[in-house]
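The structure appears right after this line, and notes come after that.
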Amino acid sequence: MTETPTKTRKLIFHTNGPIDPRSWSVLGLSAKESKSPIGCFGSGMKAGISIINRLGGKITIRSEGEIYNFGMETSEFRGEEYQQLMCNGKELPYTTGYAKHWEPWMAFREIVANTMDEGGLQFFGEPMDDGTSVIVECDEIAECMDNFEDYFVGSREPIAETDGISYYEGRGTIFYRGVKVGVMKGAKYSYEIKRQLSLTEDRTILYDYMVAYHIGKDVCEKLKNEKLIRQVVTSSDLFFESKIDFDGPWSEQFSRIVRNIWENSPTTLNPIIAKLIRKKMPGVGWEKLEP
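Residue numbers (the numbering used here): 12 to 302.
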């Protein structure tokens, strides 16, 4: 009995307005509708086209009655073959070597981020008649859609929230403007940074220390969730949170919680917090840990 091949699902990324072909044909060009776009380097659509073609998938764009079909042709340079990317039979200014070391989920992230920047949506199905639909037929990208919340905040609910950070159950995923931008190894929680965070061109964290800075500042100044504060300040050196610098202003609640732990079980405080006791709370008895 011959097996019927599984049909690749169509993944649609839809926005209401038209799309300018220069968004995939001019490198470094970026002009988003959103006042605070996720992307700003102009690389997202180009990377998506390159990666999807490299995976053997298909990407088509329908916009305002126009259809743009993307593919690749084998060419040669200095005796080596390469795959030249094409749009409607015309060469694009890049090959499948663009975003060469990126993984499939990064192509998914790029196109979703572009769609979010334009106020659009993504779904499995058929393209809409109006606006712009980016149609992707690629099993690896469809699998990313099935696991959407591995890469985006999505519908998850924070366990605590301030105007600077949203705190989530998890193990170190760092989100920025709703998108995964990195992982802090050994973290007790996942975090969405709402303050300005510098990213590299591939939308990953440029400076890891800035993530720790933002979390430390938020926890000791603004966080109200007592259980979460206790978990953070008693983190052992196995955890990312134990390496955060809390040498900013301490809120009344943060000071009260630290004082309570110091007076009842001082050895459970992480070393950075313990060293700050004398500076932040000079009236607290230091002799508890002294012979």
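By construction, the Cβ of each residue, glycine as well, lies at the ideal position given by its N, Cα and C atoms. Predicted model only: the values in this text are computed from it and were never measured.
*Do you know offhand how far A223's Cα is from F265's?*
17 Å
### Task
Mark S209 as exposed unless 16 or more other C-beta atoms lie within 10 angstroms of its C-beta, in which case mark it buried.
exposed
**OP:** Please list, in chain order, all residues of the same chain as G165 whose beta carbon is under 6 Å from its beta carbon, the five residues on each side excluded.
**Re:** F159.
Quiz item: What's the C-alpha gap between A285 and I204?
Solution: C-alpha separation (whole angstroms): 26 Å.
Query raised in the report: If you count every other CB in all the chains shown that lies within 10 Å of the CB of E129, and 16 or more means buried, which is it?
Result: buried
Going by beta-carbon coordinates alone, are S262 and L234 separated by less than 9 Å? yes
Note to self: Going by C-alpha to C-alpha distance, which of L132, V194, G90 sits closest to Y218?
What the structure shows: V194
Using only CA atoms, which one of L103, A110, S144, Y200 lies nearest to S86?
L103
### Query
Taking the beta strand (DSSP E) that F186 falls in, what are its first and last residues?
184 to 187
How many Å lie between R89 and G108 at the Cα? 16 Å
Every unbroken beta strand (DSSP E) inside the stretch 131 to 173 [3 residues or more]:
132 to 135, 143 to 148, all fully within the stretch 131 to 173.
Item to check | Span of the beta strand (DSSP E) around Y105 | outcome: 101 to 106
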